[in-house]
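Asks:
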Amino acid sequence: MATSGDAPESWYLALLGFAEHFRTSSPPKIRLCVHCLQAVFQFKPPQRVEARTHLQLGSVLYHHTKNTELARSHLEKAWFISQQIPQFEDVKFEAASLLSELYCQQNLVDSAKPLLRKAIQISQQTPYWHCRLLFQLAQLHTLEKDLVSACDLLGVGAEYARVVGSEYTRALFLLSKGMLLMERKLGEVHPLLTLCGTIVENWQGNPIQKESLRVFFLVLQVTHYLDAGQVKSVKPCLKQLQQCIQTISTLHDDEILPSNPADLFHWLPKEHMCVLVYLVTVMHSMQAGYLEKAQKYTDKALMQLEKLKMLDSSPILSTFQVILLEHIIMCRLVTGHKATALQEISQVCQLCAQSPRLFTNHASQLHTLLGLYCISVNCMDNAEAQFTAALRVSDLTTHQELWAFIVTNLASVYIREGNRHQELYSLLERINPDHNFPVSSHCLRAAAFYIRGLLSFFQGRYNEAKRFLRETLKMSNAEDLNRLTACSLVLLGHIFYVLGNHRESNNMVVPAMQLASKIPDMSVQLWSSALLKDLNKACGNTIDAHEAAQMHQNFSQQLLQDHIAACSLPEHNLISWTDGPPPVGQFQAQNGPTTSLASLL
């Protein structure tokens, strides 16, 4: 070990070398690394060395230990000392950035904000740090759901990037702002996305950076269409996005650093972008009713996520995983795999239990999935309790589509229960597809017409039911919403059957059956085969009636076995959870199903 008689550089470099050696050992020897760094202070180092060492200690303690108090103390000293030293930007602003991150982790958001504001104020001559700190403060406001402040900051960042000649980072700021505006459903998102498209296409720079901007832009466009329930209109954008990600995977990461320090940003690593493209493809397949395709892409994405999570603890990966599971759970409920869906709901519970933020953002979706599961096993009281819990915990200001989705499903529960007229009519007033529908989603408005048709059918008002269902059909055909098309056709077929118009009924039920087999939608197949059996019997087609009866028997058996398997799982007890954090590992095995398999009819 160097002695105090040596030149300052040699003892300092020796201690730094040892510290780095211990930090990068396998496994890391963090205690010894910290000892070496603390030893620097014994030599009464100059201010620059003192501030840098406090930053290094704070960083090591923050990233590798649970001693956040000591990490915080070192980072506060680094920030305080570095502000008194001229031309010491890297240490100063890294200390500010890391310290505010630590404050947020300790729920001291009110300490983090003024710190970041001060750092932003004094970093205007350092483009990289100025942009990075603006992004950081905007993210902090976003987490607090203060989207107006976040959008303002991103606007400031875009203008600053333009002034310092970084069109690339300007695009990043504007795309981030577009993402938040979409969350708020604000009208100015269209001109902003148009501007972003122009900037992205005109920017000539590093190919990987250019393609990653295009992926960001196209992901926003695709999700914008999907939010609006426009499954057919989105196809050209989705195709471009899939081609774009293929291009990125063939490009090599250039080690050449951008000449403009303001360009030193990446939106997402290449591997994360691949998972994200799989994710939006799954969202599209799920909405369009291509459930086998959704399954294929979910499997690919989850496999890639498992590999990434071994090396990368980024919280966005868990968010991707939860959203993928949410979509595949809905697919399983449709395809008649309730037991698998229930185990995956339990998996979402476990992921949310590990991260309070994830649970806050997905609690409503989790209760909604449980509500859908309850409908599928005919536990209507539990379904009502789950949807009510979902409405209670959801943030209606930013999740209006989710709210409309929950209300639509809750209305279907009230219709099935048959004795909840007051509650049902109060819900239907809020999702009236003919008048002031609360969201712009084409798909949800079509579903609202279907719900009206279903109610009119149960009330025996068949002409009214036909009007509503034809409206659903018109809308679902316009945007290839296969599941709504199949449901509407089979219900129309049922109405014509009740009215004695067998030929017209057959014209509806046969394509419903074909479409349901293609999706595949188990409940519609069960319903269609029951109708085909009765129709053929009524028309004297004995052979066809026998064939339809056999199909109906097969579907019933499959659904019954799956029903028994799901209700026998210990996770079935999740249907009783309506409050508090997600229960994990609290399940007792059941003695078999406690509910009966009721036909959809």
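Counting from 0, one number per residue, gives the positions in the sequence shown under numbering that gives the first Met the number 0.
No residue lacks a Cβ here, since even glycine has one placed at the ideal position from N, Cα and C.
1. Where residue 378 and residue 126 are concerned, what is the direct C-alpha to C-alpha distance, given to the nearest angstrom?
2. Give the range of the alpha helix (DSSP H) segment to which residue 557 is assigned.
3. Helix, strand or coil for residue 398 per DSSP?
4. In three-state DSSP terms, what is residue 519?
5. Leaving out five residues before and five after residue 501 in sequence, what residues of the same chain have Cβ atoms less than 8 Å from its Cβ?
6. Taking 8 Å as the cut-off, does the segment 462-473 touch the segment 210-217 (at least 3 CB pairs, one atom from each stretch)?
7. Smallest Cα separation from residue 409: which of 484, 447 and 558?
8. Report the rounded CA-to-CA distance for residue 103 versus residue 139, giving the unit in angstroms.
9. What's the gap between the Cα of residue 336 and the Cα of residue 542?
10. Alpha carbon to alpha carbon, what distance is there between residue 277 and residue 299?
11. Quick check on this structure: which residue in 517, 519, 521 and 528 has the alpha carbon closest to the alpha carbon of residue 505?
12. Just confirm the distance between the C-beta atoms of residue 35 and residue 18, as a whole number of angstroms; I'd bet it's less than 8 Å.
13. Going by Cα to Cα distance, which pick from 323, 563, 170 and 287 is closest to residue 296?
14. What residue from 120, 81, 68 and 24 has the CA that sits closest to residue 45's CA?
15. What's the gap between the Cα of residue 316 and the Cα of residue 202?
16. To the nearest angstrom, how far is the alpha carbon of residue 595 from that of residue 550?
17. What are the boundary residues of the alpha helix (DSSP H) that includes residue 241?
18. Closest to residue 243 by CA distance: which of 269, 263, 226 and 257 is it?
19. Go through its chain and collect everything with a Cβ distance to residue 582's Cβ below 6 Å, but skip five positions before and after it.
20. If you draw a straight line from the C-alpha of residue 566 to the C-alpha of residue 52, how long is it?
21. According to DSSP, is residue 17 part of a helix, a strand, or is it coil?
22. So, using beta-carbon positions, are residue 406 and residue 430 closer together than 7 Å?
23. My assumption, with CB atoms under 8 Å, is that residue 180 sits in contact with residue 194. Please give the rounded CB distance.
24. Of the choices 356, 154, 357 and 326, whose alpha-carbon is the least far from that of residue 343?
25. Which value, in whole angstroms, describes the spacing of the CA atoms of residue 27 and residue 20?
26. My output table needs one value for residue 478: the three-state DSSP class, helix, strand or coil.
27. Looking only at its chain, what residues have a beta carbon closer than 7 Å to the beta carbon of residue 328, apart from the 5 residues adjacent to it on each side?
28. Check for me: the alpha helix (DSSP H) holding residue 292 runs from which residue to which?
29. In three-state terms, what does DSSP make of residue 378?
30. Beta-carbon within less than 8 Å of residue 60's beta-carbon, same chain only, minus the 5 sequence neighbours each way: which residues are those?
31. Could you tell me the boundaries of the alpha helix (DSSP H) in which residue 419 lies?
32. Use the C-beta contact count for residue 411: other C-beta atoms within 10 angstroms, 16 or more gives buried, fewer gives exposed.
33. Is residue 336 helix, strand or coil by DSSP?
34. Please confirm whether residue 230 and residue 520 have their CB atoms less than 7 Å apart.
35. Which same chain residues end up closer than 7 Å to residue 166 when comparing Cβ atoms and leaving out the 5 residues on each side of it in sequence?
Replies: A quick look at the data gives this:
1. 58 Å
2. 541-567
3. coil
4. coil
5. 495, 534, 537 and 538
6. no
7. 447
8. 8 Å
9. 30 Å
10. 8 Å
11. 528
12. 4 Å
13. 323
14. 81
15. 29 Å
16. Confidence is the limiting factor: at residue 595 the pLDDT is only 39, short of 50, which leaves the residue's position unreliable, though a coordinate-based value still follows. Between residue 595 and residue 550, the C-alpha separation is close to 21 Å.
17. 234-249
18. 269
19. 576
20. 59 Å
21. helix
22. yes
23. Actually they do not touch by this definition, with Cβ atoms about 12 Å apart.
24. 326
25. 9 Å
26. coil
27. 340, 343, 344 and 368
28. 290-310
29. coil
30. 33, 66, 67, 69, 70 and 73
31. No alpha helix (DSSP H) contains residue 419, which DSSP labels as neither H nor E.
32. buried
33. coil
34. no
35. 198 and 202
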